[in-house]
Amino acid sequence: MNIRRLVSCVLILCVTLCGCMSKKVDSTEKKNGGYTQTTEKQESKKETTQSNEKTKETDIGKKLQECIAEKDYLSNYVVTSDALYFAVGQEKSGKTRLYKADIDSRKIFPSKVDFCDPQYFGNKFQKILKMYFVGPYLMVYCNVDDKLSCMVLDQKLNCVDCISLGAMAVLGESVTACVLPQKKKIVYYTDCLSEKASDGGFYETDYRGKTKKVLFKCDSLLNNQYKFNSASDMVLADNENQIYFTGQYYEKGQDEGTQCYGIYDIRKKTIQSYTGARGCILKKGDGCVFTDSSDKTAYDYAGNLVYLAPGKRTICKYEKKEEGIAGGISDEGKLYYSCVTDQDYGVVRIYDKQTKKKIFDKKFNYYIEGVFIFEKQKVMLICRYDKNLNIKVEEVSI
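Positions in the sequence shown are counted from 1; adding 18 to them yields our numbering.
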């Protein structure tokens, strides 16, 4: 009897222990099951977020594409922090349309300005030569009836001013005059190409060209202490105090000029000039980036970009010398890139400005017309033409 009671007690104890263990296991399984379920939800949410981000990334390229009609061409563009301002034109109609693409909000804002409208340039408008920002204003320099004009737009792409510069600048693919939108002035350049004293130099006038003030007079060719005689292109700093230029200077006995680039300070009336052939001037706030010149043999390429600001000159080197002819900078200026392209291919390389290390290198199987890099979004927009010469926009993660 005692033995039976003992066995019964043992059995009850075992059942109780098993029940407790079972409850503990169930509890653990529930906890683990809940944890696993939460993880799956988190993963699902993460995947959805990534998917949405990917969709977001492709949206801006698609929206840009929707703004472009058949047989449009890329007329001009400006990259600012988180935004792309771009103009597309039609060969047949002569119409040019201007848009702002906000990369953060993924929205496209069209300008209501019609350059061919009679209240602006009318049917004498031909094309946009250059666009860049001066503070809050977008400066659009245009060829109008074979003369230079400038339209000043606000950030919503509304017209603020329309100025004719025809008598003040030689018309070409470059611009030798700068409109100062805050000061309502124009600074322009006239050549000094004589061995005798001349009127070559920088001048200032009002919007109507009625007043004329000498800012800086170049030396004659026989006494060329500034190493600067002729400007071929000019852009204005945001503070409206410096002008960045490319040009030439002449030494005594030289048949041809030496190419140069630099800064003219309007307030101090000083010139800071550097020897070297430079192509495009890319405006960046109160500084500028100068690309390498394409007017060289392959052996003469400098293989770099030069960032120039008052009291500061930074050289950004490339892996290969020929990269410098078609380079540029990102929206925030922390990255610089090259785009070496031909009829059926294009190679884009991106470098970190601080470390000078290459962070992106890719070959594309088409000719590249434009590259736009946005740092925060880690996005590069590539503008190209298809086989029917229609503009296509491709978005690439970097």
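Even for Gly, the Cβ is constructed at its ideal location relative to N, Cα and C. If you're wondering where the values come from, they're calculated on a predicted model, not measured in any experiment.
Could you check what DSSP says for residue i in three-state terms: helix, strand or coil?
i      : result
Glu58  : In this predicted model, Glu58 has a pLDDT of only 43, less than 50, meaning its place in the structure is not dependable; the value taken from the coordinates is given anyway. The answer is helix: DSSP assigns Glu58 an H, G or I state.
Ile284 : coil
Ala105 : strand
Val374 : Checking the sequence shown, residue 374 turns out to be Lys, not Val. Coil, per DSSP.
Cys134 : coil
Glu413 : strand
Cys236 : coil
Asn94  : strand
Tyr53  : Annotation note: pLDDT 32 at Tyr53 (below 50); position unreliable, no value reported.
Ser69  : Here the model assigns Ser69 a pLDDT of 41, short of 50, so the residue's position is not dependable, and the following value carries that caveat. Residue state, collapsed to three classes: helix.
Ile487 : Residue 487 lies beyond the stretch modelled for the chain, which goes from 19 to 416, so this question has no answer here.
Asp318 : helix
Ile86  : coil
Gly79  : helix
Gly275 : coil
Leu323 : strand
Gln266 : strand
Thr229 : coil
Asp251 : strand
Asp256 : coil
Tyr363 : strand
Leu31  : Summary for Leu31: the model assigns pLDDT 37, below 50, so the residue's position carries little reliability, and this model does not support an answer.
Taking only the alpha-carbon atoms, compute the straight-line gap between residue i and residue j and give it to the nearest angstrom.
i      : j      : result
Tyr117 : Asp273 : 46 Å
Asp135 : Gln173 : 20 Å
Lys142 : Tyr159 : 14 Å
Gly52  : Ser415 : Only weak support exists for where Gly52 lies, its pLDDT of 34 falling under 50; the coordinates are left without a value.
Val197 : Ser248 : 19 Å
Glu258 : Tyr325 : 18 Å
Gly329 : Lys165 : 35 Å
Cys306 : Tyr150 : 11 Å
Ser111 : Phe139 : 15 Å
Gly346 : Arg226 : 35 Å
Asp163 : Leu147 : 13 Å
Gln266 : Lys125 : 43 Å
Lys81  : Ala119 : 9 Å
Lys203 : Val152 : 13 Å
Ile181 : Pro199 : 10 Å
Val97  : Cys85  : 17 Å
Under DSSP, the beta strand (DSSP E) around residue i begins and ends at which residues?
i      : result
Arg402 : Val397 to Tyr403
Phe390 : Ile386 to Phe392
Asp224 : Gly219 to Asp224
Lys203 : Lys203 to Thr208
Lys301 : Arg296 to Lys302
Ser182 : Cys177 to Ser182
Val358 : Leu353 to Asp360
Lys417 : An answer regarding residue 417 cannot be provided, because it is not within the stretch 19 to 416 covered by the chain.
Phe308 : Gly305 to Asp310
Check whether the Cβ atoms of residue i and residue j lie closer than 8 Å to each other.
i      : j      : result
Phe308 : Tyr282 : no
Ile121 : Phe392 : yes
Glu413 : Val397 : yes
Val358 : Glu341 : yes
Ile409 : Val106 : yes
Tyr207 : Met252 : yes
Tyr95  : Gly388 : yes
Ile343 : Tyr355 : no
Asn322 : Lys335 : yes
Lys230 : Ser291 : no
Leu233 : Lys286 : no
Open item on the list: Extract the residue ranges of the beta strand (DSSP E) inside the region 121-175, only unbroken runs of 3 or more that lie entirely within it.
Closed with: 125-128, 143-152, 155-162 and 165-171
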